[in-house]
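Using the working numbering, you'd call the opening residue of the sequence shown number 87 and step up by one each time.
Where is the CB? At the ideal position from N, CA and C, for every residue including glycine.
For clarity, every value in this text was computed on a predicted model and none was experimentally measured.
Below is one structure, written out as structure tokens; the observations come after it.
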Amino acid sequence: MLRRTMLALCAGALFAGAGALTAMAQSNNAFVNTLMPEPAHLAAQTGDLPLTTSFTAATDSFHDARLDNAISRTLLQLEDHTGLEIARTPTAAKSATLLVTVDGPGEAVQSIDENESYSLDITPSGAHLKAATDVGAMRGLTTFLQLVQTDGSSFFAPAVSIQDSPRFRWRGLMIDVSRHFEPIPVIKRTLDGMAAVKLNVFHWHLSDDQGFRIQSKVFPKLTEMGSDGLYYTQDQAREIVAYARARGIRVVPEFDMPGHAQSWMVGYPDLASGPGPYQIERHFGIFDPVMDPTRKSTYKFLDKFIGEMATIFPDPYMHIGGDENNGVQWKNNPRIQAFMRKHNLHSTSDLQTYFSQQLIPILKKHHKRTVGWDEIFAPGLPKNAVIESWRGFNSLAASAKQGYDGILAAGYYLDQIQPAGQHYLVDPLPANSDLTPDQKAHILGGEVCMWSEHVSSHSIDSRIWPRSAAIAERLWSPQSVNNVDDMYRRLWVENLRLEAVGLTQLSNEDVALRQLAGTAAIEPLRILASVLQPVGFDQIYKMQHTTQLTPMDHLVDAVRPDPPSRHGVELLVKKYLANHDAQAAEKLQVIFAHWAVAGPQAQALMSSRPLLRPAEPRAEQLTNLGKIGVEALLYLSKNETAPSGWAQTQLSLIDEAQKPAGLVRFTVLDPLRELVKAVPQQQ
Ligand code: ACM
């Protein structure tokens, strides 16, 4: 019983910050900055604005339904957060606690030039938010919410003066809904999360080989035959566009072509460059089917289709994909080969550029600027195309040097399962960039990419959040905001704020563990899960031989990328090794002891559960890691020398734990190695 209680305590409170929705201010109400993203300019002032049931918000200049709704959402969130019963709609009273002064609505269709700047002044007597547009006001409202703190007995907003505007105009998040479909509620809560961290472009990857996900009334067989019935109706897509606009977010749809387009060909095989019939592709990778760029009928089809989609998606940009066309069907088709010779097209890349040259004017006719992945960047590409680079800076910089606008995606691929801190340091415009000021102006920003080969509607939140909040800060905040430790300190606070908007990145782990374990008594499993993360895309793909039909109900789908344990243990070990910090030692002792205790209990649980058995070695390894930590700390704290060979034995156990098992990896091996190596040993 006692042990159970201790374990429950441990799992919930291993790392400081992870349990604090509101930053706990010190007793003198000093300003504790948990803002994410950090504003461009912030000056802390003395005093604070108490939050009480008499809190009100008002607009005193322009207002419209979008602004009123944004204020109402803020008031509801404030109420949820503080437990204070407050007026839930904005008033007209100039004496309001939070006065919102907005010049006008902003653009009828939000563009990359939308003014998102705002200022926020909070004094002990009130708060004043000023913005040129609704969108700027929304950015300021999220900052206001993030400022709310408690001194333990009541809530307040610290006195501050903030002037804020984004570093980059294009701060996107892409979701691939083709490999796995994501229902409307998932998309909506993602948009809520994006708004909370000031991301402003939802890039909706709506078609790929594995599924066509939006209804076309002109070409109904696209979804009738290419979607397994999993698609968005046009009304639903319009609902998403409206939901996004209400939050200051643009929606850029992507229709990937000429490759990655097999799902189109199931219903419309004449689009292809090789003989059909075609099926929805169940595997992942690069496949041969590619649109036929030599036939007028292809462009007629695309003209009608894009015209139809333009009535749903008002954004000035549309994404045509263009990536990973292997050209095989083009090489194998004598008619296409003859066409290439006739038109002096020497390679399949030339032919793809020909395709882009026909397609881009069609988009233009429908008032769309074209965005495409790196592969469309080739001699002859019309200059108004925008390049989204998944290959990296050099590729992005090369296109900027030739006058193309660009967006960085490389470095922000969430399916690589990299730590937030690694994504955080990827900058679309690195300080050492050799671009001229004119060329730099072509770098519009960046996009988080959530490819969905290995995500379900249950796991997607934990793949996207909170890591995307770190990337959002990279894209919004000044370049000089780059302290990884401080980012993590704020990230764990932001993580709970993201949960408050309805995201399931934390709760899903417990839900999934309960389902895997077949019991609600999952404490030992939670401790194990707290130091595990999924392996990256390539490893899952190779080790599990995944297809679209692979169930996603294993431990790998339950655990979170970059959980607090990774950076938390690293920090504690660093702190301890630097000066034998007593507090760090105490925390580490508790953590290691709990691993050692939880390991055998987790193992007992896992051995009788078929879906957990493949990861069972991880439980035994957890026990070993706990014991290693406990022993290392004992030697170090007593300043004792370990027997000869001790470190070698421990390091080989750590190496064992590094090996692939159960599609999950430990997050804490490097700092444990450091600890072991620090122990003096008899020769
Ligand atoms: C991509 O990752 N093929 C854009």
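Beta strand (DSSP E) segment containing residue i, residue limits
i, result
"Gly360", "Run containing Gly360: none; DSSP gives neither H nor E here."
"Pro257", "Note on identity: in this sequence residue 257 is Arg, with Pro being the wrong assignment. Run containing Arg257: Trp256 to Asp262, per the beta strand (DSSP E) assignment."
"Phe242", "Phe241 to Asp250"
"Gly685", "Counting along the chain, Gly685 falls outside any beta strand (DSSP E), though it belongs to the alpha helix (DSSP H) covering Ala668 to Ser693."
"Ser554", "Unbroken run through Ser554 is the alpha helix (DSSP H), Arg553 to Trp562; no beta strand (DSSP E)."
"Trp476", "Taken as a continuous stretch (DSSP letters only), Trp476 belongs to no beta strand (DSSP E), as it is neither H nor E."
"Arg751", "Val750 to Phe752"
"Ile493", "Asp491 to Leu494"
"Pro620", "Leu618 to Pro620"
C-beta contact flag for residue i and residue j at 8 Å
i, j, result
"Ala644", "Glu595", "yes"
"Val188", "Ser251", "no"
"Asp460", "Phe373", "no"
"Ala774", "Gln591", "Because the chain here runs from 87 to 769, residue 774 falls outside it and cannot be looked at."
"Asp134", "Ala213", "no"
"Leu711", "Val676", "no"
"Pro402", "His452", "no"
"Phe254", "Arg299", "no"
"Gly334", "Gln196", "yes"
"His772", "His405", "Examination of residue 772 is not possible in this model, given that the chain is present from 87 through 769 alone."
"Arg152", "Pro191", "yes"
"Ser349", "Ile366", "yes"
"Ala747", "Ala701", "yes"
"Ala598", "Pro552", "no"
"Leu206", "Ala558", "no"
"Ile248", "Pro125", "yes"
"Thr142", "Thr183", "yes"
"Ala347", "Asp378", "no"
"Glu609", "Glu533", "no"
Per DSSP, the bridge partner or partners of residue i
i, result
"Leu162", "In the DSSP output, where bridge partners are listed per residue, Leu162 has none listed."
"Lys216", "Thr187 and Ser205"
"Phe298", "Ser293"
"Ala130", "Val246"
"Glu340", "His291 and His405"
"Thr456", "Met404"
"Gln322", "BP columns for Gln322 are empty, so no partner."
"Met638", "DSSP lists no partner for Met638."
"Leu137", "Phe241"
"Thr177", "Ala144"
"Tyr499", "Cys535"
"Gln767", "Ala728"
"Thr633", "Per DSSP, none; premise fails for Thr633."
"Ala747", "Val750"
"Met377", "Ala358"
Residue i Cβ short of 7 Å to the ligand ACM heavy atom set
i, result
"Glu539", "no"
First and last residue of the uninterrupted alpha helix (DSSP H) at residue i
i, result
"Glu573", "A small fix is needed here, since residue 573 is Met in this sequence, not Glu. Element bounds for Met573: Val570 to Ala586."
"Glu656", "Pro650 to Asn665"
"Met536", "It is not in any alpha helix (DSSP H) - Met536 instead sits in the beta strand (DSSP E) that spans Ile529 to Met536."
"Met351", "Gln348 to Gly353"
"Phe387", "Lys382 to Ala396"
"Leu437", "Thr434 to Lys451"
"Arg309", "One point to set straight first is that residue 309 is Thr, not Arg, in the sequence displayed. Looking at the DSSP string, the run of the alpha helix (DSSP H) that includes Thr309 is Lys307 to Gly312."
"Pro271", "Ile270 to Ala282"
"Leu602", "Ser593 to Ala603"
"Lys417", "Val414 to Asn418"
"Pro523", "Pro523 to Lys526"
"His509", "Ala506 to Tyr510"
"Ile550", "Ile546 to Ile550"
Quiz item: Who's in the neighbourhood of the ligand ACM, going by beta-carbon under 6 Å from any heavy atom, listed in chain order?
Solution: Result: Asp409, Glu410, Trp459 and Trp476.
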